[in-house]
Each structure stands twice: as C-alpha cells, then as structure tokens.
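Reading through the structure tokens given below for one structure.
Protein chains: 2
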Amino acid sequence: MIALLQQLTQFLPKDSVLLTDEAVRPYECDGLSAYRERPAAVVLPNTLDEVQQVLKFCYQHKIPVVARGAGTGLSGGALPHKAGVLLSLAKFKRILAIDPKSRTARVETGVRNLAISQAVAPFGLYYAPDPSSQVACTIGGNVAENSGGVHCLKYGLTVHNILEVKMFTMAGELLTIGSAAYDSAGYDLLALITGSEGLLGVVVEVTVRLLPKPEQAQVLMAAFDDVIKAGSAVAEIIAQGIIPAGLEMMDNAAIRAAEDFVKAGYPVEAATILLCELDGNAEEVEHQIGQVNQILRQAGATEIRQAVDEQQRLQFWAGRKAAFPAVGRISPDYYCMDGTIPRKHLATVLGRIAELSQQYGLVVANVFHAGDGNLHPLILFDANKAGQLEKAEALGGEILELCVAVGGTITGEHGVGMEKINQMCVQFNSLELTQFHALKKAFDPDGLLNPDKAIPTLHRCAEFGKLHVHHGELPFPELERF
Amino acid sequence: MIALLQQLTQFLPKDSVLLTDEAVRPYECDGLSAYRERPAAVVLPNTLDEVQQVLKFCYQHKIPVVARGAGTGLSGGALPHKAGVLLSLAKFKRILAIDPKSRTARVETGVRNLAISQAVAPFGLYYAPDPSSQVACTIGGNVAENSGGVHCLKYGLTVHNILEVKMFTMAGELLTIGSAAYDSAGYDLLALITGSEGLLGVVVEVTVRLLPKPEQAQVLMAAFDDVIKAGSAVAEIIAQGIIPAGLEMMDNAAIRAAEDFVKAGYPVEAATILLCELDGNAEEVEHQIGQVNQILRQAGATEIRQAVDEQQRLQFWAGRKAAFPAVGRISPDYYCMDGTIPRKHLATVLGRIAELSQQYGLVVANVFHAGDGNLHPLILFDANKAGQLEKAEALGGEILELCVAVGGTITGEHGVGMEKINQMCVQFNSLELTQFHALKKAFDPDGLLNPDKAIPTLHRCAEFGKLHVHHGELPFPELERF
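One line per chain: the protein sequences are A and B, in this order.
Read left to right, the first sequence gives residues 1 to 482 (full-length UniProt numbering).
Read left to right, the second sequence gives residues 1 to 482 (full-length UniProt numbering).
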C-alpha cells in the first residue's frame, strides 16, 4: 500500500504528499472529535491538474478518497478512510473574480466563508450563509454540507446562494454544474451536489450569489417564563408574514452558560429567550420592530429589550454565537445535536427532550434557530465517567428519532457524516435508501468517494434494527401528526 | 401490441383505457402543437393503486410511458410515444390537506395551479408560482417543468415553493421525497425531480408552501425610447436591493399587439415598456415606489405612470399576460422561445436578436421577465408559406445558442422537451450529458419514462454537429465574457 501511495509523488511535489503516521495525525478527525481515524496518505495538491491526477490515480487503483476543506464539520463527514487518501483542498484559496454588477463572485473551493464577504465588502455586498464556523470553514465544505447559519431563515441555505460549481468526478472528469442564469436546463445537479457530503464529486470552484448589505439591522431580545409562550411568539411572527434576518431561541441552561461566559446581558432567570433580528431599509425595520414588539408582548414576554446601539446588538448576538463554547466551559464534554422539525411542534419536542434528559440523567441545553425549526440540543456529559459517552449517544439518537417522528429530519445543517448514519435508517425506508445508492453509483460506481458516510447500507440498517418511522408514523401517541 | 395493451383493462375500468385512434387523438400534442404523435394507448387511472399497476405492467413489458397533466406545456414534453402508454393524471384533483399554521397544503398531482390559491384564499394565503397557464396547468406539470411565472423573481420557482412529493418510479415503487422540515437528510432528490420533465418518475402528490397575501401591491409602467435605457433601469433597480414582485419588459412589436388586443393603456410609440410591481406592507410599498420612480427617471424614461387604482393595475398586467395571444392575432403563426441570460447582457442580446430578425426576414416580438433575465422572443411566421417554419426554427435555434454564449441557458421555464433537445448539445459537453444519462439510469434503467426527451443522446449531438459553447466560449467576439 505505501509503495503504491508513494507513486503519488510522481505528479505531486514531495512536500504535498504526507505518508508518515506523524504527518497525517492532524487530519485524523474533523470538528466532531469523537471519531478518529488516520488516512493512509494525505495529499495537498496545488493545482486543479494535480487534483485531477490524484483522482485518476485513485480511481485506477480503487483507493478510497475523502476530500477535506477546513475540517470544521460536526458530523465526522471528513473523517479519513484508513486505507484511503485524504485530499486536502486547503491550498485553493484564491478569489477568482468579483462581478459587482451581476452580484456574483467566483472563488476556489478552499476560500473561507467569511473571506468572501470581506473581499466583496468594498462593493457594499456580502455572502449570506453564515455558519458559526464562518471564520474558518471553506466554501467547498459549505457546499458539501449545504451549510446554513443564523441568517438562513431569510436568505436561504448554501443551495440558495450558489449559481455554479466546477467539480471533478471520482474518475477525474471535470464537470461544470449550474449556470450564471436563474435556471438551468437538464437535471438540477447543482442542488443534488449541494449537501451530498462529498459522496458524488470533489467541488473545486464555486460561483456564489452576493447580496447588498441591508441599510439597517436591529435586534429585539425577549424573555419568557415558559417555552410554550416563546414558541407561540415564533409562530405568530412567521404567521404575520414577517421574515426576520435571524430568530433564535435559547433555554435557561444555555442562557446561564452564555451569560457567564460573555456577559451578553441576558436575564439569567428566564426560562427562554428569543432573539429576533430585522433588517432592511430604515422604514421597513422600524415598522417590523413595532409589529414584533406587539407580538412578543401579546405572547406574554416578561421582558423585551431593543438593542440601543450597534454595540449592544453585537453583544446580544455574541451570547448566542458563543453558546457552544460557553456550554463547553460548564461541562467536561458536550454532544451537539442538529435536528430540524416543523416549527409548530417546537413546544412538544422541547417538552419531550426535557423528559428524556431526566430519564438519562444528563443535562441538555437547548440553542436553536427557532425560525426554521432547526434545533441544536447540547447534551452535557463527562467522557471520563464510565458509560456517560454511550448514554449521551443513546440520548442523542432518541432526540433525532423524535425529530423524524414529528415530520422533521435528523439534520438541519451539520450533515449525516458518520455520526447520524444509523438514524438515516429511521428516516428513510429501504426503497428510498436503494434509490440513494443507485444515484451514488451514477457518479461513483466503485463507491470510492467518502465511503461509509451519509447513506447507510441496507445491511447496516438491518443490524441497527430500529423501525423506519418516516414522516409522522408516530411512536409517541401524544404527538399530533403533521 | 394492441392485445398486450388490452390487458390494461385487467386492473383499470374499461372506460379508463383508450385504444382507438379516435379516442387517443386529443392527446397527440401539448401546448406546442408543432409536434404531434399518437400514443398506442391512453390510460386515465382513478387511484394510486391503478397508477402503480400500470407502471408495473409497463415496466415488466418494457412499454414506454409518458405522464401528462393538463397538456399546457410549451416544449413538447408531454408528446406521446407512438409505441407507448400516455398516462393521464387528470383525475387526481383532490386537495388533501390545508395547514394554515404551517402554511402548507398537500394536493394531488392533477390539481390546477390556480385551484390551490383559490382553496387557501379563505386563510389569507396563496401559492406563489404563477405561470401564464395557471388557470389550466397542474401542480404535477409545474413540478415536472419547474415552472416560474411573473412573481418568481421575488418568490422563486416551483422548486423553491414545494416541500415534499410522493413519486412512483418506473418500477412502480412509491418514494416520499423531501420533508416538511426546512432541510432534509440524504441527497436532495426533491430539487433533482423538480424540472426533470417526467424522465425520473411520476409525481402523484405534492406538498406546497403557501405565502400570506401581501397587504398591498402597486405597479409602475415606464416607457423608454431605447431598450438600453430600459435595461439599465432594470439593472439599477436590482442593484439597489429592491426585489419587485414582477419586473417585465415588452418591445414595440409586443406593445402594439397587446394594446390593439386588450387596450391596456400602453404608449404605442415607445420602443420598450417596463412594468414594475412592488408588494408588501403599505409603508414598504410606498417607499419602494418612490425609489423605483427615481431610478426610472434617471434612466431616461419618457413616461412613468402609476396605476391609480386596482382596476388600472390589473389592466396594466392584462396587456402583458395577453401578449402571446395578442401576437397570435397579428401573425398566422408564432414560435415562442424561452431562454435565460444573465441580466447584464439584456441590451446586447436584444440587439443581436434584432440583427438575426433582419437576417432571417422574420419579425420578432420580445416579451420577457426582465428581472431574472428570462426572455420570451416570439418569432412571427406563416406556416403556409414554404420554408417559413424551417426559417423560424433555425432563427429560434440561433437565439438559444446566443443565450448559452453569454452564460445563460436554453430554457427559463418551458423545459427542453422535444423542442430544444438539439440545443442541449450546445449547452452541455459529452461528459456532462454522460453524467445525465447515468443519473437517468439510476431511476429508470430501461429508459422507459418519457423517452427521447430533454436529454439528447451523444449520437444525436454528433449528428446535430453544433459546437458545444458552454458558459461563455463566445462565438460572437463583441460580447463580453461573463
């Protein structure tokens, strides 16, 4: 194997091929450190030509390939294959073109999410999807995971903000997918590739849509003594046709952790807080702030505060954005879940999570994108205490199955990767999984790209043995069907 | 063959199977009457179970199947196969569920587009995509073609307004695709199926998103003596971050035809008119009307009129919506094209179309969704004059190739069908077409669903013999590259 992999230096500079155990160690996991694996080799190509040669070589010799951006993923999607090549795209950092008139930018796959917005800022533009990891994560990784962020309620996920990608197939063929126009002929491969977690191809270039920076942004923070009241406020905001730029919810455990960490000014006694950001032109924002204020009051908010200036607005958000590390400070370990549910089941699902938390004896802090029903329950545990990791994983699995049961899905924006592959058996039936495998074969007949991730084999599902509960065949009779 | 097809009556009521030449004739074409073909049989199943049995039967006997909604398509996508079964879904007309709280409706595939908005109107909601054929066209057909309409600039195409579909594969297996939640795990089959022109499966149920009706809508009509000025007004409206609910452009030939037909109140001397609709709450609309007014004035509009009341607003739109039949009144025949280009090339492309019109000696009237660059050039001709049909087709082909050359695509919302299958060879290279065929095989290995449509064989492209001009390898040096 090593002798074979050493042949990679025939078309890559020597220092772009890492083969020693020591050299490949930094690549052994992504942001989800619970899973670790060392690849047989890491390659760091410098040109598209080198990427193509690596792929052709691996295709010919049937060597698995896992592509990697910044490695900030949270589901083990970039976990290396021990008999495979880890293909790092870190060197593809150039912004190739900015077209302020068409409001697009064409960038290489390794460009960081935030770097796009920084580069186009002089034109008054920005790139809307803003995952929490946006300082570090790359646009190629964003495409692989169909990343969202606080603003995706109003501005959409990655799939809604890209126009065209250039992608290598496993055989090393370069495809151009999508177009600069509003729609494209042929099958919609752009949406298919987006969120496919590196199983269908290696994206090397992305043309993104840019948006003009809104004239104004304003945020309201509301406290509630009851999560159901907060949930109904969310429903009413949306029902009135208001689309906030961000609509986030945190429960008491998350509020306390965040306040303790960054002093965001949150009321630590509140059961729940809602953060609602509105953006647009000044009149529009002022009008909507008035509407939202009234809705929050009517829903029974115990306190409503409007950021008095830009500094306070950023402070309100700082607490939310630091919620994960803040929870990390109060617990030796935490397990961040990522399920999405139809908004109307928020209160029911939160109630059930509280029950499960008691049952497992593990604290769960809830932080989530309330506007689009994307939950991030953080399960607190201590991996050094025997059995706690397994308990946390089991509790996490139950939460994901609960999301499916109310008509939701096991992932909002973090992807399936390794982490949630068993829960895919709950979400999809064997016909649907078979269709996924057929589709994978159409791009990668030998199954070499990112093997064993995202789509479970039927064999694995049979072993996992959980019932398929697709779309609301509810195991919990108390939940109303969607 | 007939003996075999008669077996269909084993699982369908007798009057749901049409076999005589006379009985199948009404199904020989869709809205594009230039292509006609009679199917071997027409079936009109009444239940999903019957649809499944028809598909299983045809799959077993390798009989081609073409699904059909209302038959209003404009690219021959529902053209029958002469040795195949035409599967009419006309009887699936039930609205299955309306959920005003989640703002969704679940409907059968044969429900008419407008019937959805009518059914949900009592809840203050509507379904946004509004193709011109919305009175007649079905939601299943909308999914097959990824239909747009006047409002898609602001509210998106069909793919942006549906959440879940139930679909039979050619083998008769029922898949549920998508979910009621914001995102879904697994490959994004929902986007893949949408716009796949009936080649991947037969959609039988659709869950659509609904939107609250805007508080107010207002329209401005502006006249220009020069199409370049109108084009720059469009660019400036978008550049200022205004997203009109509709932004439509008509040239002099289209203005005269429409005015003559419906007396919309258009200035018949104008080179071009722009219709710009703004919707939202009253303050927002008023503010934006002011902004747009200023932009239009600065761009050199010779006349700007704001609809004084709802009746005049509808009258302004009546002219635009009747443009196709209006042109039909002044010419024995017309050929409606549907290409999409990056907005910034509007003026250049219109100039080139004018040259081509002169060169071919055929009048072209231009009507289009200016906001999203979706052109509908109408080529006027007389099929009774020898050679004119061929001339019109050749001119149409050149216009589509022009769209590809500037970085656009050969279809905005009408689909490829039979009509534009040769131009697919211009838009995609052989690698990309091969990928499309592999993907088709993953759903329909025997190629029985809607054969010979939408995706050309490599053999066909070799015969067509036109150069692939993907993404801006320009045959016209005077056009700037995207």
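Even glycine gets a Cβ: it sits at the ideal position worked out from N, Cα and C.
Self-check item: Euclidean distance between Cα positions of residue 9 of chain B and residue 38 of chain B
Solution: If you number the second sequence from 1, residue 9 of chain B lands on position 9. If you number the second sequence from 1, residue 38 of chain B lands on position 38. Their backbone Cα atoms lie some 20 Å apart in a straight line.
Quiz item: residue 117 of chain B touches chain A at which residues, Cβ-Cβ below 8 Å?
Solution: On the second sequence, position 117 is the one that residue 117 of chain B refers to. Going along chain A, no residue has its Cβ under 8 Å from residue 117 of chain B, so there is no contact; the nearest lies around 16 Å.
Self-check item: Nearest neighbour of residue 87 of chain B, chosen from B:74, B:106, B:45, B:287 [CA to CA]
Solution: Counted from its first residue, the second sequence places residue 87 of chain B at position 87. Per the Cα distances, B:45.
Quiz prompt | Cβ contact check for the segment 58-69 of chain B and the segment 78-92 of chain B: 3 or more pairs under 8 Å | solution = Touching, per the Cβ criterion.
Exercise. Would you mind listing the beta strand (DSSP E) stretches within the segment 201-242 of chain A that are 3+ residues and don't spill past its ends, in chain order?
Key: Assignment of beta strand (DSSP E) within the segment 201-242 of chain A, counting only whole runs of 3 or more residues, yields 202-209, 216-224 in chain order.
Quiz item: Can you give the Cα-Cα distance for residue 311 of chain B and residue 216 of chain B, rounded to whole angstroms?
Solution: Numbered from its first residue, the second sequence carries residue 311 of chain B at position 311. Numbered from its first residue, the second sequence carries residue 216 of chain B at position 216. Taking the straight line from one Cα to the other gives about 14 Å.
Exercise. Taking all protein chains shown into account, decide if residue 20 of chain B is buried (16 or more other Cβ within 10 angstroms of its Cβ) or exposed.
Key: In the second sequence, the residue the question calls residue 20 of chain B occupies position 20. Exposed, since its Cβ has fewer than 16 Cβ neighbours within 10 Å.
Exercise. Return helix, strand or coil for residue 21 of chain B, following the three-state DSSP convention.
Key: Residue mapping note: residue 21 of chain B aligns to position 21 of the second sequence, counting from 1. If DSSP states are grouped into helix, strand and coil, residue 21 of chain B belongs with the helices.
Self-check item: Terminal residues of the beta strand (DSSP E) in which residue 248 of chain B lies
Solution: Here residue 248 of chain B corresponds to residue number 248 of the second sequence, with the count starting at 1. 246-251 is the extent of the beta strand (DSSP E) around residue 248 of chain B.
Exercise. Assess, as a yes-or-no matter, whether the segment 395-406 of chain A is touched by the segment 330-340 of chain A under the definition of 3 or more beta carbon pairs within less than 8 Å.
Key: With the cut-off at 8 Å, the segment 330-340 of chain A and the segment 395-406 of chain A touch.
Exercise. Tell me whether residue 543 of chain A sits in a helix, a strand or coil according to DSSP, three-state version.
Key: Absent from the structure is residue 543 of chain A, since the part of chain A shown begins at 1 and ends at 482.
Quiz item: Roughly how many angstroms separate the alpha carbons of residue 492 of chain A and residue 420 of chain A, rounded to a whole number?
Solution: Outside the displayed span of chain A (1 to 482) sits residue 492 of chain A, for which this structure offers no information.
Quiz prompt | At least three beta-carbon pairs within less than 8 Å, the segment 191-199 of chain B to the segment 221-236 of chain B | solution = As far as the Cβ criterion goes, the segment 191-199 of chain B does not touch the segment 221-236 of chain B, which means the pair count is below three.
Quiz item: Grouping DSSP H, G and I as helix and E and B as strand, with all else coil, what is residue 345 of chain B?
Solution: Position 345 of the second sequence, counted from the first residue, corresponds to residue 345 of chain B. The answer is helix: DSSP assigns residue 345 of chain B an H, G or I state.
Quiz item: If we cut at 8 Å on Cβ distances, does residue 408 of chain A have a partner in chain B?
Solution: As a working note, residue 408 of chain A is residue 408 in the first sequence. So yes, residue 408 of chain A belongs to the interface.
Self-check item: Nearest-angstrom Cβ-Cβ length linking residue 414 of chain B and residue 150 of chain B, presumed shorter than 8 Å
Solution: Here residue 414 of chain B refers to the residue found at position 414 when the second sequence is read from its first residue. Here residue 150 of chain B refers to the residue found at position 150 when the second sequence is read from its first residue. Actually they are not in contact, since the Cβ atoms of residue 414 of chain B and residue 150 of chain B sit about 15 Å apart, beyond 8 Å.
Quiz item: If you drop the 5 nearest sequence neighbours on each side, which residues of the same chain put their C-beta closer than 8 Å to that of residue 366 of chain B?
Solution: In the second sequence, counting from the first residue as 1, residue 366 of chain B sits at position 366. Within the same chain, Cβ atoms closer than 8 Å to the Cβ of residue 366 of chain B are found at 249, 250, 251, 253, 254, 350, 353, 375, 376, 377, 378, the five residues on either side in sequence being excluded.
Quiz item: Rounded to a whole number of angstroms, what is the C-alpha to C-alpha distance between residue 475 of chain A and residue 401 of chain A?
Solution: Numbered from its first residue, the first sequence carries residue 475 of chain A at position 475. Numbered from its first residue, the first sequence carries residue 401 of chain A at position 401. Annotation note: pLDDT 38 at residue 475 of chain A (below 50); position unreliable, no value reported.
Exercise. Answer with buried or exposed for residue 2 of chain A, where buried requires no fewer than 16 other C-beta atoms within 10 angstroms of its C-beta.
Key: Looking up residue 2 of chain A in the first sequence gives position 2. Residue 2 of chain A comes out exposed.
Exercise. Decide if residue 297 of chain A is buried, meaning its Cβ has at least 16 other Cβ atoms within 10 Å, or exposed.
Key: On the first sequence, position 297 is the one that residue 297 of chain A refers to. Residue 297 of chain A comes out exposed.
Self-check item: residue 23 of chain B CB to nearest heavy atom of the ligand MN below 7 Å
Solution: Absence of the ligand MN from the depicted structure is noted, as is the absence of any ligand whatsoever, leaving it without description.
Quiz item: Just how far apart, CA to CA, sit residue 16 of chain A and residue 140 of chain A?
Solution: Against the first sequence, residue 16 of chain A aligns to sequence position 16. Against the first sequence, residue 140 of chain A aligns to sequence position 140. Straight-line Cα distance between these residues: approximately 20 Å.
Quiz prompt | Contacts that residue 287 of chain A makes with chain B (C-beta to C-beta distance below 8 Å) | solution = Translated into the one-based positions of the first sequence, residue 287 of chain A becomes position 287. Correct list: 281, 283, 284.
Quiz prompt | Residue range of the beta strand (DSSP E) that includes residue 306 of chain A | solution = By one-based count along the first sequence, residue 306 of chain A stands at place 306. Per DSSP, residue 306 of chain A belongs to the beta strand (DSSP E) from 303-306.
Quiz item: Bridge partners of residue 109 of chain B, per DSSP?
Solution: As a working note, residue 109 of chain B is residue 109 in the second sequence. DSSP links residue 109 of chain B through a beta bridge to no other residue.
Exercise. Flag this pair as yes or no: are the beta carbons of residue 207 of chain A and residue 162 of chain A separated by less than 8 Å?
Key: Taking the first sequence and counting its residues from 1, the one referred to as residue 207 of chain A is at position 207. Taking the first sequence and counting its residues from 1, the one referred to as residue 162 of chain A is at position 162. Yes.
Quiz item: Any idea what DSSP makes of residue 391 of chain B, helix, strand or coil?
Solution: Position 391 of the second sequence holds residue 391 of chain B. Look at residue 391 of chain B here: in three-state DSSP terms it is helix.
Quiz item: Are there 16 or more other CB atoms within 10 angstroms of the CB of residue 142 of chain A, so buried, or fewer, so exposed?
Solution: Taking the first sequence and counting its residues from 1, one reaches residue 142 of chain A at position 142. With 16 or more other Cβ atoms from the protein chains shown falling within 10 Å of its own Cβ, residue 142 of chain A counts as buried.
Practice problem: With DSSP as the reference, label residue 28 of chain B as helix, strand or coil. | Solution: For this step, residue 28 of chain B is matched to residue 28 along the second sequence. Residue state, collapsed to three classes: coil.
Exercise. Give me the Cβ distance between residue 341 of chain A and residue 426 of chain A, rounded to the nearest whole Å; I'm assuming they're in contact under 8 Å.
Key: Residue numbering aside, residue 341 of chain A sits at position 341 when the first sequence is read from its first letter. Residue numbering aside, residue 426 of chain A sits at position 426 when the first sequence is read from its first letter. No, residue 341 of chain A and residue 426 of chain A are not in contact; Cβ-Cβ is about 14 Å, not under 8 Å.
Practice problem: Would you kindly report the start and end of the unbroken alpha helix (DSSP H) that includes residue 178 of chain A? | Solution: Position 178 of the first sequence, counting from 1, holds the residue named residue 178 of chain A. Run containing residue 178 of chain A: none in the alpha helix (DSSP H); it sits in the beta strand (DSSP E), 174-178.
Practice problem: For the alpha helix (DSSP H) holding residue 59 of chain B, just list the boundary residues, first then last. | Solution: Here residue 59 of chain B refers to the residue found at position 59 when the second sequence is read from its first residue. Unbroken alpha helix (DSSP H) run through residue 59 of chain B: 48-61.
Quiz item: What span of residues does the alpha helix (DSSP H) with residue 433 of chain B cover, start to end?
Solution: Working through the second sequence from its first residue, we reach residue 433 of chain B at position 433. Residues 430-443.
Self-check item: Which listed residue (A:440, A:463, A:383, A:391) has its alpha carbon closest to that of residue 422 of chain A
Solution: The residue you call residue 422 of chain A lines up with position 422 of the first sequence. The shortest Cα separation from residue 422 of chain A among A:440, A:463, A:383, A:391 belongs to A:463.
Self-check item: Euclidean distance between Cα positions of residue 40 of chain B and residue 212 of chain A
Solution: Walking along the second sequence from the start, residue 40 of chain B turns up at place 40. Walking along the first sequence from the start, residue 212 of chain A turns up at place 212. Rounded to the nearest angstrom, the gap between the Cα atoms of residue 40 of chain B and residue 212 of chain A is 55 Å.
Quiz item: Nearest CA to the CA of residue 277 of chain A: which residue from A:303, A:256, A:242, A:269?
Solution: Position 277 of the first sequence, counted from the start, is the residue given in the question as residue 277 of chain A. Out of A:303, A:256, A:242, A:269, A:242 has the C-alpha closest to the C-alpha of residue 277 of chain A.
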